[in-house]
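For the sequence shown, full-length UniProt numbering gives the first residue as 1, with consecutive numbering after it.
Built from N, CA and C at the ideal position, the CB exists for glycine as well.
Read the structure below first, then the notes.
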Amino acid sequence: MKLNIINLTKSFRKNIFFYQQNLMIDFDNQLIAFITGENGTGKSTLMKIISGILMVDSGEFQIESNVNYFKWSKENCYYMPATERGMTYKLTGRENIYYLCSLKGSKKEVITNRLKYYATLFDATEILDKRVEELSTGQKRKIHLLSAFCSNCKVLLLDEPSVGLDTYNLGLLEDILIKINNEKKQKIILVSHDQDIKKKLMGEEIYVNKSKTIIMKGEGNL
């Protein structure tokens, strides 16, 4: 399954982020994709557009015949922001995960099974039943990441996933992302300033230059 974006134009007030840009992403090629570029070039904006949560001024999104991409993306694309936005602090980590996954149409039984599996891999079982407001920055990040992993969405878009994670947990995250990628069921797209995680995981690069031109650079290290 491939996404073709044709003549993408997106602006905020008078600031043009993208003007008549084209991009093709293969959701089935099992290459972990990184959106790269200098600060302010629109990496997170592009990620939100791909996820379907940010509308564009104009452009055509083609994925399959007779399929509306924005309807498809609501159930098949999971976007995790770079901040803690989206989590409810008074709820436990587990409650947040169930709630966020339910928004993507995930069934409770599926969430339960995936949560048991990924919480063990991420060494996060002990924090699941604590309120989010009681957790450290790194622990909150783990809950947010678990929400993405448990959603069972076709495409995982993770904005700065390593923020707040120490070396040990960063290693666990890298192992999980490699494992997900090797299972060949989900496409992973990342934005990250962490050079180590780029070096280890980047399979293909979507580069946004200072002129807001989107360049697909092809295969990397995988």
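- Under the three-pair Cβ rule at 8 Å, the segment 49-64 does not count as touching the segment 97-107.
- Boundaries of the beta strand (DSSP E) around Y79: 77-80.
- Bridge pairing for E160: absent [DSSP].
- Contact between the segment 4-20 and the segment 188-204 is not established, with fewer than three Cβ pairs separated by less than 8 Å.
- According to DSSP, K2 shares a beta bridge with D26.
- Unbroken alpha helix (DSSP H) stretches of 4 residues or longer found wholly inside the segment 54-109: 69-76, 93-102, given in chain order.
- The bridge partners DSSP lists for Q21 are L8.
- By the Cβ test, the segment 73-85 is not in contact with the segment 108-118, since fewer than three Cβ pairs between them sit closer than 8 Å.
- By the C-beta criterion, the segment 202-216 is judged to be in contact with the segment 16-24, since at least 3 inter-stretch pairs fall below 8 Å.
- Within the model, the alpha-carbon separation for I189 versus A124 is close to 23 Å.
- Under the three-state reduction of DSSP output, N15 falls in the strand class.
- In this structure, the alpha-carbon of M202 lies about 15 Å from that of L170.
- In its chain, beyond the 5 residues on either side, G93, I127, I143 have a beta carbon closer than 8 Å to the beta carbon of L135.
- Within 10 angstroms of the beta-carbon of R13 lie fewer than 16 other beta-carbons, which makes it exposed.
- Put simply, of P161, F70, L121, V132 the residue whose alpha carbon is nearest the alpha carbon of T88 is V132.
- DSSP, read as helix, strand or coil, puts L170 in helix.
- Between Y168 and F149, the gap from beta carbon to beta carbon reaches 9 Å or more.
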